[in-house]
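S.K.:
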Amino acid sequence: MLAADDMEGRETGSPGLRKAEAYIVEQLKQAGLQPAGTNGFYQPVKFVSRRIVEKDSSASLVRNGKAEPLVLGEDVIFSTRVDLAPEVEAPLVFVGYGLSIPEKNYDDLAGFDLKGKVAVLFSGSPAEMPGSLASHYQTRKERWKALRNAGAVGIISIPNPASMDIPWPRIALSRTQPSMDLADPEFDETKGEKLAMYFNPAHADKLFQGSEHTFEEIAALGKDRKPLPRFALAASIRTTAKVERKGVESANVVAALPGADPRLKKEYVVLSAHVDHLGIGEPIHGDRIYHGAMDNASGAAVLLDVAASLKRSSQRPKRSLLFLFVTAEEKGLLGSKYFAARPTVDPNSMVADINVDMFLPTHPLKVLTVYGLEESDLGDMAREVAGAYGIAVEADPQPLRNVFIRSDQYNFIVHGIPALAMAVGNTTDEERKLHKEWLTNRYHAPSDDVNQPVDLSAAAAYEEVVRGLMIKIADEGRRPEWKSDSFFRRYEKAAGQ
Ligand SMILES: [Zn+2]
């Protein structure tokens, strides 16, 4: 339904997404839920949209005074997630992984003069770094904070071929789609970042020409998460960027099911999923609609199913439940960022967030991957609930992909609220291979549609675990807590809880 052609890929701000949200609101009403937005079920959110105009933009490397033009799309892509400056010319420095991690006394930027320069970095992190720390410091905000403090004016990222979900040609295909940011400047995390680009790893040797190292060498080290050398490059980057800007309006959808306990009903367990996807874009195999069936019509459907099942069973958990359908996840977790900063319920009343995003029921559910398994009581609860269904749990098997910070749960985490996300785990080499193929071919492509194979038993089992976990959290006497040794506990203190 949500992935049907007439939803047009549910792009933030589009009629297709509005239609999908209207359908969700209808379903929520039928499930007997109460509106919990600021405007009925809706919480309106304002965005600024930015799109690169490539015909009026250019990039080149300047070496010994000579400019070598770069091909947009083939060599490099501008990222309009930051507000690009019209013109930049700056020397380049290769800063390895480009990470500053004070907890581990680790600093790739130490000893470099980055003032007025553009940092070139290789995505990833050294093996010694725990996944959560590495993920946290690779967020746009933390990355830029460290680089800005070091004086840098921009970032060129070279994706790590060992952990790229989407092959370069497909990334390049969507490069002129608009990016978005929250309109309120309070949310600007990249102030002063004049340039942001991705460099095609297949052509990255261009950056390294004339330096003491080759890209081949860097990629081989990075693949195994080994330490990377850091050094000044022999080139500068020169860019002209023409950006089209406009305002866009969209909304989160919020619904509540009041709890049964007179005292605990003041608290909420949040179940969240993003509704937006990528909209209509460049055609692949003749299809222009990026349906987003797994990503994340499936997650929104889980929320609706859980809501409907609670009505049928007339089961009333002690705490209240909050069903949150966010917008603009694909634009950088923006709808959830807005909600977590300006929640429609008392911020201290939210005891946990369970986020459902692309849980991929493509084969039977034997092992549940729990992102954040070791971080809070929620992990233990998930283990117990899944165990009752004969399902084992595992922590993130691929920490390099940064999944824990790549979906909406992250915005609850940074506001001190314990959160986790779960997906159908892979247990055999065959399943791992299919998973990789799914990412390569269908993830963020039109073929993530309703015609792909789905294991309905896995989807049903997953839904049971989500529902069971939500009710368990709601009925528990005390609120879930971060583990005393969890990195993410710091946010709880910052939020004053
Ligand atoms: Zn997505």
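Quick note on numbering: this note's numbering labels position 312 of the sequence shown as 312, and the sequence is numbered without any gaps. Ideal Cβ positions, reconstructed from N, Cα and C, are used throughout, including at glycine.
(1) Using the Cβ count rule (16 or more neighbours within 10 Å means buried), how would you classify leucine 456?
(2) Please confirm whether arginine 319 has its beta-carbon closer than 9 Å to some beta-carbon of chain C.
(3) Assuming the contact rule is C-beta atoms closer than 8 Å, isoleucine 225 and glycine 124 should be a hit. Round their C-beta distance to whole Å, please.
(4) For serine 314 and leucine 321, I'd like the C-alpha separation in whole angstroms.
(5) Go to alanine 352, then tell me how far its beta strand (DSSP E) extends in each direction, as first and last residue.
(6) Starting from the Cα of leucine 365, find the closest Cα among Ser236, Val269, Ala423 and give me that residue.
(7) With a CB to CB cut of under 8 Å and the five nearest residues on each side skipped, what residues in its chain are close to glutamate 430?
(8) Taking contact to mean 3 or more Cβ pairs, one atom from each stretch, closer than 8 Å, check whether the stretch 175-183 and the stretch 332-344 are in contact.
(9) To the nearest whole angstrom, what separates the beta carbons of alanine 474 and proline 317, a pair I think is in contact under 8 Å?
(10) Considering Cα atoms alone, identify which of Ala127, Glu217, Lys141 is closest to phenylalanine 187.
(11) On the criterion of 16 or more Cβ atoms from any shown chain inside 10 Å, does proline 343 qualify as buried, or is it exposed?
(12) What does the alpha-carbon distance come out to for the pair alanine 234 and arginine 18?
(13) Have a look at tryptophan 482 and tyrosine 491 and give me their C-alpha separation to the nearest angstrom.
(14) Taking all protein chains shown into account, decide if valine 254 is buried (16 or more other Cβ within 10 angstroms of its Cβ) or exposed.
(15) In the DSSP assignment, the alpha helix (DSSP H) including arginine 417 goes from what residue to what residue?
(16) For glutamine 497 and arginine 263, what's the separation of their Cα atoms in angstroms?
(17) In terms of alpha-carbon separation, which member of Asn296, Val153, Arg230 lies closest to lysine 117?
(18) Please state if the CB of serine 174 and the CB of histidine 415 are separated by a distance shorter than 9 Å.
(19) Would you mind reading off the limits of the alpha helix (DSSP H) that contains aspartate 380?
(20) At a cut-off of 8 Å, would you count glutamate 249 as near ligand 3, judging by its Cβ distance to the nearest heavy atom?
(21) Which residues bound the beta strand (DSSP E) around isoleucine 520?
(22) So is glutamine 138 buried or exposed if we call it buried at 16+ other beta carbons inside 10 Å?
(23) Are the CB atoms of tyrosine 290 and histidine 274 within a distance shorter than 9 Å?
(24) Between serine 309 and alanine 90, is the Cβ-Cβ spacing less than 9 Å?
(25) Among Gln27, Pro35, Ser100, Ile52, whose alpha-carbon lies nearest the alpha-carbon of alanine 85?
(26) Please state if the CB of lysine 223 and the CB of alanine 134 are separated by a distance shorter than 9 Å.
(27) Evaluate the contact criterion for the stretch 458-476 versus the stretch 374-382: three or more CB pairs, one atom per stretch, below 8 Å.
(28) Specify, as a first and last residue, the run of the beta strand (DSSP E) that glutamine 398 falls within.
(29) Name the residue from Pro258, Asp5, Pro347, Ala421 whose alpha carbon lies nearest to the alpha carbon of glycine 372.
M.R.: According to the structure shown:
(1) Walking along the sequence shown from the start, residue 456 turns up at place 456. Label assigned to leucine 456: exposed.
(2) Going by chain labels, chain C is absent from the structure shown, which holds only one protein chain.
(3) By one-based count along the sequence shown, residue 225 stands at place 225. By one-based count along the sequence shown, residue 124 stands at place 124. One point to set straight first is that residue 225 is arginine, not isoleucine, in the sequence displayed. Sure, about 6 Å apart at Cβ, within 8 Å.
(4) For the purposes of this step, residue 314 is taken as residue 314 along the sequence shown, with counting starting at 1. For the purposes of this step, residue 321 is taken as residue 321 along the sequence shown, with counting starting at 1. Rounded to whole angstroms, serine 314 to leucine 321 spans 14 Å at the Cα level.
(5) What you label residue 352 is simply residue 352 of the sequence shown in a count that begins at 1. Where alanine 352 is concerned, the enclosing beta strand (DSSP E) stretches over 350-355.
(6) Translated into the one-based positions of the sequence shown, residue 365 becomes position 365. Comparing Cα positions, the closest option is Ala423.
(7) For the purposes of this step, residue 430 is identified with residue 430 of the sequence shown, where counting begins at 1. Here the set comprises nothing.
(8) yes
(9) Your numbering for residue 474 matches position 474 in the sequence shown. Your numbering for residue 317 matches position 317 in the sequence shown. So it is a contact: roughly 3 Å between Cβ atoms.
(10) Within the sequence shown, residue 187 is the residue found at index 187, counting from 1. Nearest of Ala127, Glu217, Lys141 to phenylalanine 187, Cα basis: Lys141.
(11) Start at 1 with the first residue of the sequence shown, and residue 343 comes out as number 343. So proline 343 ends up on the buried side.
(12) Indexing the sequence shown from 1 puts residue 234 at position 234. Indexing the sequence shown from 1 puts residue 18 at position 18. Those two C-alpha atoms are separated by around 50 Å.
(13) Sequence index remark: in the sequence shown, residue 482 carries index 482 (1-based). Sequence index remark: in the sequence shown, residue 491 carries index 491 (1-based). Near 10 Å, if we compare the C-alpha coordinates of tyrosine 491 and tryptophan 482.
(14) Here residue 254 refers to the residue found at position 254 when the sequence shown is read from its first residue. So valine 254 ends up on the buried side.
(15) Along the sequence shown, read from residue 1 onward, the residue named residue 417 stands at position 417. Checking the displayed sequence, the identity of residue 417 turns out to be isoleucine instead of arginine. That residue, isoleucine 417, is in no alpha helix (DSSP H); it is neither H nor E in DSSP.
(16) On the sequence shown, residue 497 is found 497 positions in, with the first residue counted as 1. On the sequence shown, residue 263 is found 263 positions in, with the first residue counted as 1. In this prediction, glutamine 497 has a pLDDT of 47, which is less than 50 and means its spatial position is unreliable; nothing more can be read from the coordinates.
(17) Looking up residue 117 in the sequence shown gives position 117. Comparing Cα positions, the closest option is Val153.
(18) The residue labelled residue 415 in the question sits at position 415 within the sequence shown. The residue labelled residue 174 in the question sits at position 174 within the sequence shown. The answer is no: Cβ separation not under 9 Å.
(19) Within the sequence shown, residue 380 is the residue found at index 380, counting from 1. Per DSSP, aspartate 380 belongs to the alpha helix (DSSP H) from 377-388.
(20) As presented, the structure is devoid of ligand 3, carrying ligand 1 as its sole ligands.
(21) In this structure the chain extends from 1 to 497, so residue 520 is not present and cannot be described.
(22) For the purposes of this step, residue 138 is identified with residue 138 of the sequence shown, where counting begins at 1. It is buried - the Cβ of glutamine 138 has at least 16 other Cβ atoms within 10 Å.
(23) Against the sequence shown, residue 274 aligns to sequence position 274. Against the sequence shown, residue 290 aligns to sequence position 290. Result no, Cβ atoms of histidine 274 and tyrosine 290 do not sit closer than 9 Å.
(24) For this step, residue 309 is matched to residue 309 along the sequence shown. For this step, residue 90 is matched to residue 90 along the sequence shown. Not closer than 9 Å, so no.
(25) Here residue 85 refers to the residue found at position 85 of the sequence shown. Alanine 85 has its Cα closest to that of Ile52, out of Gln27, Pro35, Ser100, Ile52.
(26) Locating residue 134 in the sequence shown gives position 134, counting from the first residue. Locating residue 223 in the sequence shown gives position 223, counting from the first residue. Against a cut-off of 9 Å, the Cβ pair of lysine 223 and alanine 134 comes out as no contact.
(27) yes
(28) Along the sequence shown, one-based indexing puts residue 398 at 398. It is not in any beta strand (DSSP E) - glutamine 398 carries neither H nor E in the DSSP assignment.
(29) The residue labelled residue 372 in the question sits at position 372 within the sequence shown. The residue with the shortest Cα to Cα distance from glycine 372 is Ala421.
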